[in-house]
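Peer 1: Once you've had a glance at the structure underneath, I'll fire off some questions.
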Amino acid sequence: MKKDDSKALPITLQGEEIISTKKLPSVDDFSEIFDMGISVQYSDDISGTQTLARRGFLAQKLGV
Numbered sequence: 043m044k045k046d047d048s049k050a051l052p053i054t055l056q057g058e059e060i061i062s063t064k065k066l067p068s069v070d071d072f073s074e075i076f077d078m079g080i081s082v083q084y085s086d087d088i089s090g091t092q093t094l095a096r097r098g099f100l101a102q103k104l105g106v
């Protein structure tokens with residue numbers, strides 16, 4: 043933190059160990075870090091799908 047100042051934020055810890063800096067871990071990252079499967083439930087309603095699309099999530103997951 044002293045070296046990078048606030049550029050290191052966000053910082054994710056597991057116990058006292060730093061496991062990630064400068065970004066929030068993805069679901070896949072958490073799954074690997076904690077050696078467990080993590081499932082994500084997505085909304086089937088159209089407004090939920092539209093929200094995900096606006097955030098670029100669907101394009102990223104579909105590789106578009």
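Just so you know, our numbering puts 90 at position 48 of the sequence shown, and the rest follows in order with no gaps.
Where is the CB? At the ideal position from N, CA and C, for every residue including glycine.
Helix, strand or coil, according to DSSP, for residue 80 in the structure here?
Peer 2: In the sequence shown, counting from the first residue as 1, residue 80 sits at position 38. Coil at residue 80, not helix or strand.
Peer 1: Relative to the C-alpha of residue 64, which candidate in 54, 58, 79 and 72 has its C-alpha closest?
Peer 2: Position 22 of the sequence shown, counted from the first residue, corresponds to residue 64. The option with the nearest alpha carbon to residue 64 is 54.
Peer 1: Starting from residue 62 and walking both ways along the beta strand (DSSP E), at which residues does that stretch end?
Peer 2: Here residue 62 corresponds to residue number 20 of the sequence shown, with the count starting at 1. Where residue 62 is concerned, the enclosing beta strand (DSSP E) stretches over 59-63.
Peer 1: By DSSP's criteria, residue 53 is part of a beta bridge. Which residues make up the other side?
Peer 2: Your numbering for residue 53 matches position 11 in the sequence shown. In the DSSP output, where bridge partners are listed per residue, residue 53 has 63.
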